[in-house]
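**Student:**
Protein chains: 2
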Amino acid sequence: MPETARREDRPADRAPDRASGTRYGNRPTMKDVAARAGVGLKTVSRVVNGEPGVTADTERRVQEAIEALGFRRNDSARVLRKGRTASIGLVLEDLADPFYGPLSRAVEEVARAHGALLINGSSAEDPDREQELALALCARRVDGLVIIPAGDDHRYLEPEIKAGVATVFVDRPAGRIDADVVLSDNFGGARDGVAHLIAHGHRRIGFIGDMPRIHTAIERLRGYRAAMEDAGIAVEDSWMSLGVTDPERVRRAAEEMLSGPDPVTAVFTGNNRVTVTVIRVLAGLPRPVALVGFDDLELADLLQPGVTVVAQDAAALGRTAAERLFRQLDGTHLSPERIELPTRLVQRGSGEVPPSA
Amino acid sequence: MPETARREDRPADRAPDRASGTRYGNRPTMKDVAARAGVGLKTVSRVVNGEPGVTADTERRVQEAIEALGFRRNDSARVLRKGRTASIGLVLEDLADPFYGPLSRAVEEVARAHGALLINGSSAEDPDREQELALALCARRVDGLVIIPAGDDHRYLEPEIKAGVATVFVDRPAGRIDADVVLSDNFGGARDGVAHLIAHGHRRIGFIGDMPRIHTAIERLRGYRAAMEDAGIAVEDSWMSLGVTDPERVRRAAEEMLSGPDPVTAVFTGNNRVTVTVIRVLAGLPRPVALVGFDDLELADLLQPGVTVVAQDAAALGRTAAERLFRQLDGTHLSPERIELPTRLVQRGSGEVPPSA
DNA sequence: CTGAAAGCGCTTACAG
DNA sequence: CTGAAAGCGCTTACAG
Chain A
1 MPETARREDR PADRAPDRAS GTRYGNRPTM KDVAARAGVG LKTVSRVVNG EPGVTADTER
61 RVQEAIEALG FRRNDSARVL RKGRTASIGL VLEDLADPFY GPLSRAVEEV ARAHGALLIN
121 GSSAEDPDRE QELALALCAR RVDGLVIIPA GDDHRYLEPE IKAGVATVFV DRPAGRIDAD
181 VVLSDNFGGA RDGVAHLIAH GHRRIGFIGD MPRIHTAIER LRGYRAAMED AGIAVEDSWM
241 SLGVTDPERV RRAAEEMLSG PDPVTAVFTG NNRVTVTVIR VLAGLPRPVA LVGFDDLELA
301 DLLQPGVTVV AQDAAALGRT AAERLFRQLD GTHLSPERIE LPTRLVQRGS GEVPPSA
Chain B
1 MPETARREDR PADRAPDRAS GTRYGNRPTM KDVAARAGVG LKTVSRVVNG EPGVTADTER
61 RVQEAIEALG FRRNDSARVL RKGRTASIGL VLEDLADPFY GPLSRAVEEV ARAHGALLIN
121 GSSAEDPDRE QELALALCAR RVDGLVIIPA GDDHRYLEPE IKAGVATVFV DRPAGRIDAD
181 VVLSDNFGGA RDGVAHLIAH GHRRIGFIGD MPRIHTAIER LRGYRAAMED AGIAVEDSWM
241 SLGVTDPERV RRAAEEMLSG PDPVTAVFTG NNRVTVTVIR VLAGLPRPVA LVGFDDLELA
301 DLLQPGVTVV AQDAAALGRT AAERLFRQLD GTHLSPERIE LPTRLVQRGS GEVPPSA
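First to last, the protein sequences are chains A and B.
Each step along the first sequence adds one to the number in full-length UniProt numbering, with nothing skipped, and position 311 is 311.
Each step along the second sequence adds one to the number in full-length UniProt numbering, with nothing skipped, and position 53 is 53.
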């Protein structure tokens with residue numbers, strides 16, 4: 001007999017059939033199952049959770065009632081009683097950014113391995129929105145939080161962390177609190193990338209990066225400066241540009257440092273979005289300009305020339321952070337740590353272009 | 001006085017200080033706040049929820065208690081009582097695929113506008129995993145579900161939908177149940193793309209697509225066949241290849257149809273991953289071969305030649321689906337609908353290459 | 001093997 | 001304006 005034919009069996013005193021979906025529609029509960037199977041509530045609970053101590057016959061009766069009613073345990077109620085929600089939150093900058101896709105997926109896989117679901121949100125690089133999201137996730141009592149911070153003050157999380165919410169920052173460190181963080185070696189990666197350009201004969205090298213309140217932007221700029229200093233090159237202010245990464249500003253910045261009497265002969269770009277815009281600018285120039293970009297790009301190897309990049313392992317960042325999170329949740333008290341993942345210089349052509357005369 | 005100095009004020013009968021984080025660590029509840037402020041539970045609830053009917057003085061006392069204890073409302077408990085969880089689930093194929101990033105982000109934005117959080121999961125194109133995920137989300141009592149289906153039988157969702165879980169399928173239709181679905185015009189897009197190649201003089205045109213159990217793969221193949229038929233071209237079996245989209249198989253398929261005595265002079269690729277692999281194959285060939293790909297790619301315009309594509313609007317798919325979902329949740333009963341979004345042919349060069357002799 | 005009672009942390013529906 | 005009681009749907013801790 002079809003499940004739906006049984007709907008009227010449900011106790012009449014339960015939610016009336018109002019259209020507007022209060023009470024999750026009108027779902028059967030363990031109590032309904034117990035009544036139908038003629039057993040106690042606890043017995044239903046045992047069957048649903050696969051606990052021992054139920055005779056085969058009782059179990060069968062309960063199973064039948066479950067199927068007839070279309071019962072599905074309300075984990076929301078379960079969670080309230082048990083304490084752990086088996087869900088973790090991920091606050092990132094923008095789900096649509098190709099850098100965060102693999103990172104999210106890696107976090108998700110680790111969560112899945114631990115039986116947890118992932119709640120995801122984009123801060124859109126807005127500190128207020130980051131806070132709003134993180135606190136909303138805490139109110140839902142996620143067991144832990146993986147945060148790619150937009151802001152630089154995370155004291156708002158102190159009570160939550162104290163209350164037991166595991167927290168790991170990724171890609172950028174926490175601000176004004178002591179917390180686990182998993183980073184790429186932004187400084188070293190940028191330094192190596194710029195040193196690579198220097199090794200290929202460049203001295204006038206431009207740097208176009210993200211807003212200076214972003215940690216990675218500062219670190220990469222620091223790497224640029226270090227490489228230049230190591231080579232004894234005095235950096236001119238007009239070679240550096242930090243700011244929002246929208247195509248308009250980046251295009252202007254690139255055009256400025258590439259024009260005038262003493263243009264740069266090479267550019268180091270501070271992230272994937274900047275790199276893409278600069279590639280477009282360079283494609284319109286009559287002379288070749290060398291380019292090394294931070295972050296890898298799909299199809300980068302197929303461009304002419306191929307784009308030399310300092311690649312981060314986004315998936316490894318996510319995986320490492322999530323694993324650390326669950327280690328925290330395992331109960332062992334860990335003191336906050338800073339984990340740094342190496343970057344990799346991938347030579348494809350654009351970084352090996354010599355300076356044009 | 002610092003918040004932490006107040007921790008010992010919490011009633012001693014509440015959770016002991018065990019290290020392993022049961023009971024969400026050791027969080028204060030409304031009851032604790034009420035006790036500290038010397039008011040009733042309901043008054044705390046009123047203040048926390050900004051309900052009227054509390055004198056300024058009482059409100060101040062409650063607020064003080066809230067801050068001193070570091071109280072944050074447990075939405076998990078709230079949800080149990082209220083019926084709606086203000087969260088929706090998104091089951092997609094792979095968070096790391098660049099096609100799903102913008103789609104997820106769009107769903108998230110709509111959810112946010114409705115005050116809901118997004119729980120995200122990847123099916124990895126595995127029907128069992130899709131089901132497991134979707135049902136886990138239902139057990140968490142998400143208000144609604146946006147599903148990019150991997151399987152072709154969704155009868156398992158019938159009890160959930162009947163129980164009030166709003167459901168919208170995206171990118172591919174539901175199997176064996178009647179549900180809302182938001183699709184791109186896969187058939188028309190593929191037909192136009194192939195017709196474009198024909199208009200540029202090609203007759204021997206290859207098609208490389210995804211596994212034939214995937215709806216979009218079938219529709220795009222159908223579009224290919226329709227365009228060929230419209231032009232009076234008899235398609236040879238060796239021109240078509242459907243299967244997993246891993247680079248190995250796609251590469252072999254492309255190489256096969258591009259070799260032999262009568263190779264194809266143009267290729268139509270069935271999705272972004274296939275396109276990327278085929279671009280690599282074509283880059284290694286001595287003669288030019290025309291290419292039109294389904295799905296747009298970042299940097300596609302910067303390749304030589306630029307890649308002509310049939311572009312879908314991934315963000316519009318996500319937005320439309322999520323809006324439909326919340327329309328369902330608004331209570332008006334809507335009969336299942338099929339919404340089709342147009343695709344756009346973007347000419348960039350590769351699709352305008354003439355047949356080589 | 002089985003189940004009644006209490007409780008998780010809130011909101012609802014009342015009563016004062 | 002304020003609050004005590006009941007209840008959301010489960011699990012826990014017992015007792016039989």
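Each residue gets a CB set at the ideal place from its N, CA and C atoms; glycine is no exception.
Grouping DSSP H, G and I as helix and E and B as strand, with all else coil, what is B:Phe-99?
**Tutor:** B:Phe-99: coil per DSSP, three-state reduction.
**Student:** Below 8 Å between beta carbons: does that hold for A:Val-281 and A:Ala-315?
**Tutor:** Not in contact: A:Val-281 and A:Ala-315 (Cβ atoms no closer than 8 Å).
**Student:** Just verifying my parser: in three-state terms, what is the DSSP assignment at B:Ala-283?
**Tutor:** In this structure, B:Ala-283 counts as helix in the three-state DSSP scheme.
**Student:** Where does B:Glu-109 sit, in a helix, a strand or coil, going by DSSP?
**Tutor:** Helix.
**Student:** Rounded to whole angstroms, what is the Cα-Cα separation between A:Arg-203 and A:Thr-320?
**Tutor:** One C-alpha to the other measures close to 37 Å.
**Student:** How long is the line joining the alpha carbons of B:Thr-343 and B:Gly-188, rounded to whole angstroms?
**Tutor:** C-alpha separation (whole angstroms): 8 Å.
**Student:** Excluding the five sequence neighbours on either side, which residues of its own chain have a C-beta within less than 6 Å of the C-beta of B:Leu-117, listed in chain order?
**Tutor:** Answer for B:Leu-117: Ser-87, listed in chain order.
**Student:** Measure the alpha-carbon distance for B:Asp-153 versus B:Ile-147 and round it to whole angstroms.
**Tutor:** Whole-angstrom Cα-Cα distance: 13 Å.
**Student:** B:Val-181: which of B:His-215, B:Ile-198, B:Ala-195, B:His-200 sits nearest, CA to CA?
**Tutor:** The shortest C-alpha separation from B:Val-181 is found at B:His-215.
**Student:** Alpha carbon to alpha carbon, what distance is there between B:Phe-207 and A:Glu-340?
**Tutor:** A:Glu-340 and B:Phe-207: Cα-Cα distance of roughly 45 Å.
**Student:** Return the first residue and the last residue of the alpha helix (DSSP H) that A:Val-47 is part of.
**Tutor:** Looking at the DSSP string, the run of the alpha helix (DSSP H) that includes A:Val-47 is 41 to 48.
**Student:** Is the CB of B:Ala-136 under 8 Å away from at least one CB in chain A?
**Tutor:** It does: the Cβ of B:Ala-136 has a partner Cβ on chain A nearer than 8 Å.
**Student:** Relative to the alpha-carbon of A:Thr-332, which residue among A:Glu-236, A:Asp-262, A:Gly-164 has its alpha-carbon at the smallest distance?
**Tutor:** Of the listed residues, the one whose Cα sits closest to A:Thr-332 is A:Gly-164.
**Student:** Quick check on A:Arg-324: buried or exposed, where buried means 16 or more other Cβ atoms within 10 Å of its Cβ?
**Tutor:** So A:Arg-324 ends up on the buried side.
**Student:** What distance in whole Å lies between the Cβ atoms of B:Val-79 and B:Val-33, which are believed to be in contact at a cut-off of 8 Å?
**Tutor:** Actually they do not touch by this definition, with Cβ atoms about 19 Å apart.
**Student:** Report yes if the C-beta distance between B:Ile-279 and B:Val-307 is below 8 Å; otherwise report no.
**Tutor:** Cβ distance < 8 Å, so B:Ile-279 and B:Val-307 count as in contact.
**Student:** What are the partner residues of A:Val-182, as DSSP defines its beta bridges?
**Tutor:** In DSSP, A:Val-182 forms a bridge with A:Val-170, A:Ile-339.
**Student:** Since B:Pro-288 and B:Val-353 should fall inside the 8 Å C-beta cutoff, what is the C-beta to C-beta distance between them, to a whole number of angstroms?
**Tutor:** Correct: roughly 5 Å between the Cβ atoms.
**Student:** Using the Cα positions of residue 433 of chain B and A:Ile-233, report the straight-line distance between them to the nearest angstrom.
**Tutor:** With chain B running from 1 to 357 in the structure shown, residue 433 of chain B is simply not present.
**Student:** If the cut is a Cβ gap below 8 Å, which residues of chain B does A:Thr-245 touch?
**Tutor:** Neighbours of A:Thr-245 on chain B: none; closest Cβ ~15 Å, over 8 Å.
**Student:** Can you tell me where the beta strand (DSSP E) holding residue 379 of chain A begins and where it ends?
**Tutor:** Absent from the structure is residue 379 of chain A, since the part of chain A shown begins at 1 and ends at 357.
**Student:** Taking its Cβ as the centre, do 16 or more other Cβ atoms sit within 10 Å of A:Val-244, making it buried, or is it exposed?
**Tutor:** So A:Val-244 counts as exposed.
**Student:** Buried or exposed, going by whether 16 or more other CB atoms sit within 10 Å of the CB of A:Leu-137?
**Tutor:** Flag for A:Leu-137 reads buried.
**Student:** Taking only the alpha-carbon atoms, compute the straight-line gap between A:Gln-131 and A:Tyr-156 and give it to the nearest angstrom.
**Tutor:** Distance between the alpha carbons of A:Gln-131 and A:Tyr-156 is about 8 Å.
**Student:** What does DSSP give as the partner residue(s) for B:Asn-120 in the beta ladder?
**Tutor:** A:Leu-118, B:Leu-90, per the DSSP bridge assignment.
**Student:** Which whole-angstrom value is the C-beta distance of B:Leu-183 and B:Asp-192, which I expect to be below 8 Å?
**Tutor:** The pair is not a contact, with the Cβ atoms about 16 Å apart (cut-off 8 Å).
**Student:** Closest by CA to A:Phe-99, which one among B:Gln-312, B:Leu-302, B:Glu-298, B:Leu-303?
**Tutor:** Comparing Cα-Cα distances from A:Phe-99 to each of B:Gln-312, B:Leu-302, B:Glu-298, B:Leu-303, the minimum goes to B:Glu-298.
**Student:** Does A:Ala-150 come out as helix, strand or coil in the three-state DSSP assignment?
**Tutor:** Coil at A:Ala-150, not helix or strand.
**Student:** Mind checking who B:Gly-349 pairs with in its DSSP beta bridge?
**Tutor:** B:Gly-349 pairs with B:Gly-306.
**Student:** Please state the DSSP three-state secondary structure of A:Phe-294.
**Tutor:** Of the three classes helix, strand and coil, the one that applies to A:Phe-294 here is strand, per DSSP.
**Student:** Residues of chain A with CB closer than 9 Å to the CB of B:Asn-74, please, in chain order.
**Tutor:** Those within 9 Å of B:Asn-74 in chain A are Leu-80, Ala-139, Arg-140, Arg-141.
**Student:** Please state if the CB of B:Val-292 and the CB of B:Leu-221 are separated by a distance shorter than 8 Å.
**Tutor:** In this structure, B:Val-292 does not lie closer than 8 Å to B:Leu-221 by Cβ.
**Student:** Let me check understanding here. Comparing Cα to Cα, which of A:Ala-266, A:Ser-123, A:Ala-68, A:Gly-70 lies closest to A:Leu-90?
**Tutor:** Out of A:Ala-266, A:Ser-123, A:Ala-68, A:Gly-70, A:Ser-123 has the C-alpha closest to the C-alpha of A:Leu-90.
**Student:** Within the continuous beta strand (DSSP E) that includes B:Gly-209, where are the two ends?
**Tutor:** Note, B:Gly-209: beta strand (DSSP E), 205 to 209.
**Student:** Within 7 Å: the Cβ of B:Glu-256 and any heavy atom of the ligand MG?
**Tutor:** With respect to the ligand MG, the structure shown offers nothing to examine, as it has no ligands at all.
**Student:** Flag this pair as yes or no: are the beta carbons of B:Gly-70 and B:Pro-28 separated by less than 8 Å?
**Tutor:** The answer is yes: Cβ separation under 8 Å.
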